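This report concerns only the one structure given below.
There are 2 protein chains.
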Amino acid sequence: MSIITIVGAGMMGSAMSRPATDNGHRVRLVGTPLDRAIIDSIRTSGYHPTLRRQMPESVEACQVEELDRALEGADLVIGGVSSFGVEWFADHVLPKLRMNVPVLSITKGLNGGGDGELIPFPHHLESRLPPEKRGRIPFCAVGGPCISFELADRRHTMVVFCGSDGRAVSKVRRMLTTGYYHVSESTDVAGVEGCAALKNAYAMGVSLAVGIADREVGELDSESAKALCSPGAPDRNPVYNPQAALFAQSCLEMSRIVRLLGGDETLAGVLPGAGDLFVTIFGGRTRRLGSLLGRGIPFPEAREMLHNVTLEAVAIIRCVSRALRLRAERGEVRLSDFPLLFHMEAVLEGGAPPEPPYALFGETGKSACPAE
Amino acid sequence: MSIITIVGAGMMGSAMSRPATDNGHRVRLVGTPLDRAIIDSIRTSGYHPTLRRQMPESVEACQVEELDRALEGADLVIGGVSSFGVEWFADHVLPKLRMNVPVLSITKGLNGGGDGELIPFPHHLESRLPPEKRGRIPFCAVGGPCISFELADRRHTMVVFCGSDGRAVSKVRRMLTTGYYHVSESTDVAGVEGCAALKNAYAMGVSLAVGIADREVGELDSESAKALCSPGAPDRNPVYNPQAALFAQSCLEMSRIVRLLGGDETLAGVLPGAGDLFVTIFGGRTRRLGSLLGRGIPFPEAREMLHNVTLEAVAIIRCVSRALRLRAERGEVRLSDFPLLFHMEAVLEGGAPPEPPYALFGETGKSACPAE
Numbered sequence: 228m229s230i231i232t233i234v235g236a237g238m239m240g241s242a243m244s245r246p247a248t249d250n251g252h253r254v255r256l257v258g259t260p261l262d263r264a265i266i267d268s269i270r271t272s273g274y275h276p277t278l279r280r281q282m283p284e285s286v287e288a289c290q291v292e293e294l295d296r297a298l299e300g301a302d303l304v305i306g307g308v309s310s311f312g313v314e315w316f317a318d319h320v321l322p323k324l325r326m327n328v329p330v331l332s333i334t335k336g337l338n339g340g341g342d343g344e345l346i347p348f349p350h351h352l353e354s355r356l357p358p359e360k361r362g363r364i365p366f367c368a369v370g371g372p373c374i375s376f377e378l379a380d381r382r383h384t385m386v387v388f389c390g391s392d393g394r395a396v397s398k399v400r401r402m403l404t405t406g407y408y409h410v411s412e413s414t415d416v417a418g419v420e421g422c423a424a425l426k427n428a429y430a431m432g433v434s435l436a437v438g439i440a441d442r443e444v445g446e447l448d449s450e451s452a453k454a455l456c457s458p459g460a461p462d463r464n465p466v467y468n469p470q471a472a473l474f475a476q477s478c479l480e481m482s483r484i485v486r487l488l489g490g491d492e493t494l495a496g497v498l499p500g501a502g503d504l505f506v507t508i509f510g511g512r513t514r515r516l517g518s519l520l521g522r523g524i525p526f527p528e529a530r531e532m533l534h535n536v537t538l539e540a541v542a543i544i545r546c547v548s549r550a551l552r553l554r555a556e557r558g559e560v561r562l563s564d565f566p567l568l569f570h571m572e573a574v575l576e577g578g579a580p581p582e583p584p585y586a587l588f589g590e591t592g593k594s595a596c597p598a599e
Numbered sequence: 228m229s230i231i232t233i234v235g236a237g238m239m240g241s242a243m244s245r246p247a248t249d250n251g252h253r254v255r256l257v258g259t260p261l262d263r264a265i266i267d268s269i270r271t272s273g274y275h276p277t278l279r280r281q282m283p284e285s286v287e288a289c290q291v292e293e294l295d296r297a298l299e300g301a302d303l304v305i306g307g308v309s310s311f312g313v314e315w316f317a318d319h320v321l322p323k324l325r326m327n328v329p330v331l332s333i334t335k336g337l338n339g340g341g342d343g344e345l346i347p348f349p350h351h352l353e354s355r356l357p358p359e360k361r362g363r364i365p366f367c368a369v370g371g372p373c374i375s376f377e378l379a380d381r382r383h384t385m386v387v388f389c390g391s392d393g394r395a396v397s398k399v400r401r402m403l404t405t406g407y408y409h410v411s412e413s414t415d416v417a418g419v420e421g422c423a424a425l426k427n428a429y430a431m432g433v434s435l436a437v438g439i440a441d442r443e444v445g446e447l448d449s450e451s452a453k454a455l456c457s458p459g460a461p462d463r464n465p466v467y468n469p470q471a472a473l474f475a476q477s478c479l480e481m482s483r484i485v486r487l488l489g490g491d492e493t494l495a496g497v498l499p500g501a502g503d504l505f506v507t508i509f510g511g512r513t514r515r516l517g518s519l520l521g522r523g524i525p526f527p528e529a530r531e532m533l534h535n536v537t538l539e540a541v542a543i544i545r546c547v548s549r550a551l552r553l554r555a556e557r558g559e560v561r562l563s564d565f566p567l568l569f570h571m572e573a574v575l576e577g578g579a580p581p582e583p584p585y586a587l588f589g590e591t592g593k594s595a596c597p598a599e
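Taken in sequence, the protein lines are chains E and P. For the first sequence, this note's numbering assigns the number 599 to the last residue and increments by one with no breaks. For the second sequence, this note's numbering assigns the number 599 to the last residue and increments by one with no breaks.
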């Protein structure tokens, strides 16, 4: 039995307490300043209001003021903030970490450097460590398809833990693998985390086709649109060839970006890429945003309809398209290799019509070439 | 304007008349002996009873007795039979083909040889040509996600035409590409057609999870089960982590089989593999079969509930697992690299419980390794 401290009490961070407690670990769940109401609720009744589930009874819920105490003696720290909380985590949690205690970050994203670099969060976090701790705290991260509700319900879930330190990855995997949480290992941080970040962007791209088809059968108010994009909802206008074309183009462009990041591009076609993209298009904010844009609703209006929630897809599209443009200026990439990415950017930023540029899509390489 | 003769008046063969006529070609649609009622209906009213659409007016529908006349002067012959009609096509159509007139086969499948070989249909058909015609009739084939109804409705559809003769592939692509039918090219017949065949098998695998989840919310009679597996139907029990795990494992195993066939394994992660698998799991016979098996219904009973329709998934699972076993005996492959395939075989042939062996799944190779 070990002590696992989860920092960030959002849905995914909190759901990680399920395999952790099932394996007999002592779990401390620490809220960020934004999670105050969640922690209060868990303390009062055990109920997690956004995960909409009772938490495992043994979980000790802590407010952010209790962070120091919660980190004491921890054998593993899970970074459970969203991508918008990653700097808070770097500022407030990293300095408190003990040497040699591994960190498992479930935050998915890429950090854009000024020179077109795209840095996976585990590497970014490592660079934010105080100098004396660098290289002495092993960072791991998660990729692969995992809806937090389903993990909390002990549904079969298959993910990849990655990190530069293979032994730390193995150790963390052994702590958290259960009969339903199936974990494989990788040392390819750029590959796994590149896919984990990019799939949010591309899930929006695939969802454009959902909105385009849906619009044909009549307009919707925003509440109906929200209901229709819930997991399991019927498709009002079931049309799948365009979605499948966008899905495949997404995998292709993800593989090209992963290669630029220095990762193994084939990961884009298996669990971290295609697998995670598959799960992401079945519901949630990203699908709702893509569907609204596909219906021809301009982004500022769509964002309002989504109550201005933070949209990771938008952040990733902006960050990656900016980086690719910088690299293209230096002649390192061809922007024409990413027609779907730049189409999504044009829809978001320029109010371009949602119809994707299918004629520009296609395979390249040794075995297939673009249509024109 | 050219003359295009389509042999086989099933749904996909008939749907190909849409891009063909839109490009101004003269189309002759010839039924097989099994298509007599379809051809009668088209002649009488223009209505295709299984495609459930009016055919383009200019299509000339012919019964099988008119085959010779229909092939006269054809610039392209489209082989539109199902995989169960491929020997009929070889026996009755191949001998009548003229030299240098390309054939585009939309039949998806693999032919198992006695020694563990798996031969894509275009290669199999080439081998069935009369000796004097071998090498003188260019065979092309189609891969990628295409639901026939949607092609008939001019939905954006992205496919790959492949063939050993790159110039013939380009020619056929130019004849059929339209503003909605987006065609790229490949000379990797084993890669493209391997994926095209395998995706039927693996779509059944992914659908097991649909049935397993669905069973939790109560039993269904076969008619309700059929309705629920129709495209666009709501998911009674929306659970996606297991489906996504199976989807990713499918892509991984497809890539391994494609490599054994001598094809480019990365095709399994883009349009011919992941893209086509995506579309296939959204509805139709394969999903229905997988869902019924997932509910714990034994295969003989499930087959009856599906009115004993021909099931391409079953044929492919049998053919590929037999071939891999033969190769494993010779030490050429490890059966443990294909846990999902052999699980599907065990469910079909041995009545094994449907729960997939998730713990055996996982990435291998340079960047990720299995959980155990």
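Note that beta-carbon positions come from the ideal geometry of N, C-alpha and C, so glycine has one too. Note that the structure is a prediction, hence the values are computed from the model and not measured.
Does the beta-carbon distance from Ala475 of chain E to Leu498 of chain P come in below 8 Å?
Yes.
Is there contact between the stretch 265-281 of chain E and the stretch 370-390 of chain E, where contact requires at least three CB pairs shorter than 8 Å?
yes
Is the number of C-beta pairs between the stretch 332-351 of chain P and the stretch 541-553 of chain P that are closer than 8 Å three or more?
yes
N-terminal and C-terminal residue of the beta strand (DSSP E) that Met282 of chain E is part of
Met282 of chain E -> no beta strand (DSSP E), and no H or E assigned at all.
Amino acids of chain P, ordered along the chain, whose beta-carbon sits closer than 9 Å to that of Asp462 of chain E
Pro458, Gly459, Ala460, Pro461, Phe509
Check Cys373 of chain P in the structure and name its three-state DSSP category.
coil
Using a beta-carbon distance below 8 Å, is Phe474 of chain P in contact with chain E?
yes
Go ahead and pull the three-state DSSP assignment for Ser411 of chain P.
strand
Unbroken alpha helix (DSSP H) runs of length 4 or more, entirely within the stretch 468-522 of chain P: which are they?
468-487, 503-507, 512-521
Quick one: complete beta strand (DSSP E) runs, 3+ long, within the stretch 329-374 of chain P?
330-332, 337-339, 345-347, 366-370
According to DSSP, what are the bridge partners of Arg253 of chain P?
P:Ile230
Does the Cβ of Asp491 of chain E have 16 or more other Cβ atoms within 10 Å, making it buried, or fewer, making it exposed?
buried
Of all the CB atoms in chain B, is at least one closer than 8 Å to the CB of Asn250 of chain P?
The structure shown has no chain B; the protein chains it does contain are E and P.
Beta-carbon proximity check, Ala460 of chain E vs Pro469 of chain P, cutoff 8 Å
The Cβ atoms of Ala460 of chain E and Pro469 of chain P lie no closer than 8 Å to each other.
DSSP state of Val291 of chain E mapped onto helix, strand, coil:
helix
According to DSSP, what are the bridge partners of Ile305 of chain E?
Secondary-structure assignment with DSSP links Ile305 of chain E through a beta bridge to E:Ile233, E:Leu331.
Can at least three beta-carbon pairs, one atom from the stretch 293-305 of chain P and one from the stretch 314-330 of chain P, be found at a separation below 8 Å?
They touch, by the three-pair rule.
How close, in whole Å, do the beta carbons of Gly445 of chain E and Val485 of chain E come, if the pair is a contact with beta carbons under 8 Å?
In fact, because the Cβ distance is near 39 Å, the residues do not count as touching under 8 Å.
So if I threshold CB-CB distances at 9 Å, which residues from the stretch 332-348 of chain P count as touching chain E?
none
Across which residues does DSSP place Met532 of chain E in a beta bridge pair?
Beta-bridge partners assigned by DSSP to Met532 of chain E: none are found.
So, using beta-carbon positions, are Glu480 of chain E and Phe565 of chain E closer together than 8 Å?
yes
Select from P:Val386, P:Asp441, P:Ala424, P:Arg401 the residue whose C-alpha is nearest the C-alpha of Ala472 of chain E.
The shortest CA-to-CA distance from Ala472 of chain E to any of P:Val386, P:Asp441, P:Ala424, P:Arg401 is the one to P:Val386.
Express the C-alpha separation of Phe505 of chain P and Gly336 of chain P in angstroms, rounding to a whole number.
Note on geometry: alpha-carbon atoms of Gly336 of chain P and Phe505 of chain P lie some 18 Å from one another.
What does DSSP give as the partner residues of Val387 of chain P in its beta bridges?
P:Gly370, P:Ser411
I need the straight-line Cα distance from Ala247 of chain E to Val313 of chain E, nearest angstrom please.
22 Å
CB contact below 8 Å: Thr384 of chain E versus chain P
yes
Alpha carbon to alpha carbon, how far is Glu572 of chain P from Glu559 of chain P?
Approximately 20 Å between the Cα atoms of the pair.
DSSP beta-bridge partners for His275 of chain E?
E:Arg280
Tell me which residues share the same chain as Gly203 of chain E and place their Cβ nearer than 8 Å to its Cβ, disregarding the 5 neighbours each side in the sequence.
As displayed, chain E neither begins before 228 nor continues past 599, which places residue 203 of chain E out of reach and without an answer.
Against chain E, which members of the stretch 481-497 of chain P pass a CB distance test of less than 9 Å?
For the stretch 481-497 of chain P, which is checked against every Cβ of chain E, the residues closer than 9 Å are Ser482, Gly490, Asp491, Glu492, Thr493, Leu494, Ala495, Gly496, Val497.
Sorted by chain position, which residues of the same chain lie with C-beta nearer than 6 Å to Pro584 of chain P's C-beta, five sequence neighbours on each side aside?
Pro566, His570
How would you label Lys593 of chain P, buried or exposed, when you count the other beta carbons within 10 angstroms and need 16 or more for buried?
Residue placement at Lys593 of chain P is flagged as unreliable, the pLDDT there being 32, under the threshold of 50; a coordinate-derived value is accordingly withheld.
Is it buried or exposed for Thr232 of chain E, if we count other Cβ within 10 angstroms and need 16 for buried?
buried
Taking a cut of 7 Å between CB atoms, which residues from the stretch 527-543 of chain E lie near chain P?
none
Whole angstroms are fine: how far does the CA of Arg400 of chain P sit from the CA of Leu587 of chain E?
Linking Leu587 of chain E to Arg400 of chain P through their CA atoms gives a straight-line distance of about 15 Å.
Going along the chain, which residues of its own chain have a beta-carbon closer than 6 Å to the beta-carbon of Gly273 of chain E, five neighbours each way excluded?
So the list reads Gln281, Met282, once near-sequence residues are dropped.
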